[in-house]
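Let me begin by presenting the structure, written as structure tokens, before commenting on it.
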């Protein structure tokens with residue numbers, strides 16, 4: 207689970223328990239001194255009930271705030287995309303403006319994809335369905351891979367970099383893609399909050415029998431009251447003292463990074479000396495154990511520049527929404543495959559008999575868990 211304060215996690219359960227205890231207790235019976243023997247216990251139950259209900263109401267408000275922030279975060283890039291699409295359709299834009307329109311559409315589409323990916327990761331974490339593909343991981347490679355895009359973004363802000371990566375801090379045991387995701391989140395966070403001309407320091411070291419990735423920035427710093435809640439799952443306060451949503455963000459990326467570190471048997475912590483003093487994020491991971499014998503997973507699979515030929519292969523795509531299935535069908539069709547699409551488990555069952563596919567591709571994130579239902 208995400209790092210959520212315990213009362214919020216169990217508020218509804220505690221309220222139900224307290225109510226049941228009060229109902230089962232029945233009316234209090236006075237003793238010979240005229241005082242109820244159960245009065246202190248009932249009073250404690252009432253206090254617990256009031257506290258649990260207050261926590262549940264606070265959690266509901268935070269959930270509503272998160273949904274509102276998510277809608278705003280998705281709507282902002284969508285507005286830019288639709289605006290430029292309408293201008294392109296007029297056919298009156300010159301070549302330079304058209305190129306700028308395409309670049310803006312692509313940038314905002316990528317931003318939407320990042321938001322959706324964060325929401326999917328959060329849903330998988332909360333449902334316990336996020337899984338790691340573990341193997342031997344060279345952390346130097348992981349950090350270097352994350353540094354590439356971060357440096358490009360930093361150059362636009364004239365930021366200075368210092369990176370010191372110790373090969374002795376590798377290998378570790380984990381999922382290379384997820385570990386790169388954690389480092390990428392920390393680096394993008396540093397780039398975002400460091401002012402122009404500032405400095406970012408990245409270190410990878412071997413410390414106390416483990417590996418430590420430390421990212422320090424010269425940003426606005428994090429207020430002391432915000433530090434304990436920085437990795438909470440519901441958006442409350444952003445790094446460097448901003449509220450979630452003040453920049454159109456969901457506030458999920460640091461909680462996701464914290465959870466991924468925990469899944470690897472490690473920790474993710476934050477430190478700051480206060481406003482205007484920058485912040486330091488530290489990822490600590492255990493080194494690879496001698497008993498770990500799975501196949502190495504730090505070598506990324508090579509991706510061919512041209513798609514494979516799938517002449518005559520019949521592929522059934524079970525997916526929603528329709529644009530996603532249409533895009534995949536077009537890509538597979540370009541490789542020579544014959545495709546059919548289904549938007550529900552029931553429709554997919556009908557296609558099995560009529561289409562007779564060689565391969566079935568199922569979107570497990572379909573609405574109503576239809577992907578899982580079809581597989582079953």
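In this note's numbering, the protein residues as written are 207 to 582. Don't be surprised by glycine CBs; every beta carbon is placed ideally from N, CA and C.
For a cut-off of 8 angstroms, the C-beta gap from residue 535 to residue 523 is around 6 angstroms, short enough to register as a contact.
Taken through DSSP and simplified to helix, strand or coil, residue 297 comes out as coil. 8 angstroms or more divides the Cβ of residue 570 from the Cβ of residue 560. Counting along the chain, residue 567 sits inside the beta strand (DSSP E) bounded by residues 565-568.
Under the three-state reduction of DSSP output, residue 457 falls in the coil class, being neither helix nor strand.
Residue state for residue 372 is assigned as coil, using DSSP reduced to three classes. With fewer than 16 other beta carbons inside 10 angstroms of its own, residue 430 counts as exposed. If the five residues before and after residue 544 are omitted, its C-beta is found closer than 8 angstroms to the C-beta atoms of 518, 519, 520, 521, all from its own chain and listed in chain order.
When only Cα atoms are considered, residue 332 and residue 469 end up about 13 angstroms apart. Bridge partners of residue 421 according to DSSP: 408, 487.
Here the C-alpha atom of residue 481 lies approximately 48 angstroms from the C-alpha atom of residue 295. Inclusion of residue 425 and residue 328 in the CB contact set at 8 angstroms is not warranted, their separation being larger than that value. In the DSSP assignment, residue 390 falls outside any beta strand (DSSP E) and within the unbroken alpha helix (DSSP H) covering 382-399. Residue range 345-361 is occupied by the alpha helix (DSSP H) that includes residue 346.
Boundaries cannot be given for residue 430, as no beta strand (DSSP E) includes it and DSSP labels it neither H nor E. Burial check for residue 303: the Cβ neighbour count within 10 Å stays below 16, so the residue is exposed. Straight across, the Cα-Cα distance linking residue 349 with residue 315 is about 26 angstroms.
For residue 343 and residue 248, the gap between their C-alpha atoms comes out near 56 angstroms.
The Cβ atoms of residue 367 and residue 374 lie no closer than 8 angstroms to each other. Residue 300 places its beta carbon 8 angstroms or farther from that of residue 339.
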